[in-house]
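Okay, so here's the structure we're looking at.
Residue numbers (the numbering used here), protein chains in the order written: chain A, 76 to 266; chain B, 76 to 266.
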């Protein structure tokens, strides 16, 4: 049952954002009654938070032992999500967390988890000696995540298919530039 | 009269996006009759396009003679706009151009102008010998513009004031990493 609810909820949120995210829409799509939904999620913001956890960004399992591979995995997650069927969730979230206290409140843990996971990638690389001490995790995450987002979002519709064919190669080029620009060594030093 | 209309229109678009962008709202804010607005802009998408030209991103006058200064100027324009009173315009535009043919159509020239101006910054730097031949304009613009956007948009509300105090220093750090990562020489070679 939860899977059907999350499928419907992510589709609804992608299409309509917070202003159109409601139990009526989920009930219509799933046939599951509103009373049952309310029992499980007292507020629609709780449903949104659980839906994001279940169907949106998952980056806390990225830990390959190599900074380059970790950043490519991070870029890959964003590329897949932004070019997938729920590509607008990202922008709705950015806008809705800025505008609605209840969205910001309900998704605090989820968003903090993403930030923590991104920073952990950089911190582990510093520990392994792949990045200089004092490297800013913010800088590396902003460049990779922001660069990927801008790449997908600024591509006009008619160039989308071409962009999608090349996007994983492009992510390598981007990650390599970020590594070079932040003084990373390419491979972890042998233990 | 145009100035009053653009002021009201950018405020309305920032607040409501395309779904709430209409002549009624502009008339309410300015007292200028709908008939007069229609005479000047046959469709609300035309008003949006002219409003963006007059009140939103202006990057085609960036040409300092130095890649680093040009990229800092580009980053600065985005920082000012994203942290200013109309910081949501950017996200509305990204979402609305993806969703509404009439927005995409009316703003084609405006958006193409931004892309061209960004690429020109890189192309001039290649000509001056500041960047290797064959450097991808897309990569540099994605990293700087995307990195700045992600930095502003991912900062939680309570950390905003601190972020804004440091954002121009941060932009220097970011631009320097991008220059280093893309093989740029710091200064233009003497002629």
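For glycine and all other residues, C-beta sits at the position ideal for the given N, C-alpha and C.
Asked: By Cβ distance, which residues of its chain are closer than 6 Å to residue 109 of chain B, with the 5 residues on each side in sequence left out?; Found: 98 and 102
Asked: For a quick check, are the C-beta atoms of residue 146 of chain A and residue 253 of chain A less than 9 Å apart?; Found: yes
Asked: Using beta carbons (cut-off 9 Å, strictly below), is residue 97 of chain B in contact with chain A?; Found: no
Asked: Can a CB atom of chain A be found closer than 9 Å to the CB of residue 217 of chain B?; Found: yes
Asked: Using 8 Å as the Cβ pair cut-off and three pairs as the minimum, do the region 179-188 of chain B and the region 239-251 of chain B touch?; Found: no
Asked: I need the DSSP call for residue 143 of chain A, collapsed to helix, strand or coil.; Found: helix
Asked: Could you tell me whether the region 161-172 of chain A touches the region 81-95 of chain A, using the rule of 3 or more Cβ pairs below 8 Å?; Found: yes
Asked: Which one of B:191, B:192 and B:212 has the shortest CA to CA distance from residue 201 of chain B?; Found: B:212
Asked: Measuring alpha carbon to alpha carbon, tell me which of B:87, B:120 and B:233 ends up nearest residue 105 of chain B.; Found: B:87
Asked: Please go through the region 188-227 of chain A and give each complete alpha helix (DSSP H) segment of 4 or more residues, from N-terminal end onward.; Found: 212-216
Asked: Excluding the 5 residues flanking residue 250 of chain B on each side, which residues of the same chain have their C-beta closer than 8 Å to its C-beta?; Found: 143, 146, 147, 150 and 219
Asked: So, for residue 185 of chain A: in the same chain, excluding its five sequence neighbours on each side, which residues have a beta-carbon less than 7 Å away from its beta-carbon?; Found: 124, 127 and 128
Asked: Along the chain, which unbroken stretches of the beta strand (DSSP E) at least 3 residues long are found entirely within the region 90-162 of chain A?; Found: none
Asked: For residue 180 of chain B, does the three-state DSSP call read helix, strand or coil?; Found: helix
Asked: Within 9 Å of any Cβ in chain B, is that where the Cβ of residue 152 of chain A sits?; Found: no
Asked: Can you check which of these residues, A:153, A:78 and A:229, is closest to residue 189 of chain A by C-alpha distance?; Found: A:153
Asked: My assumption, with CB atoms under 8 Å, is that residue 222 of chain A sits in contact with residue 221 of chain B. Please give the rounded CB distance.; Found: 4 Å
Asked: If we ignore side chains and look at the alpha-carbon of each, how far apart do residue 79 of chain A and residue 85 of chain A end up?; Found: 10 Å
Asked: By Cβ distance, which residues of its chain are closer than 7 Å to residue 215 of chain A, with the 5 residues on each side in sequence left out?; Found: 197, 253 and 257
Asked: Residue 161 of chain B CB to nearest chain A CB: under 9 Å?; Found: no
Asked: Alpha carbon to alpha carbon, what distance is there between residue 114 of chain B and residue 230 of chain B?; Found: 43 Å
Asked: Mind pulling the chain B residues with CB within less than 8 Å of residue 224 of chain A?; Found: 221, 224 and 225
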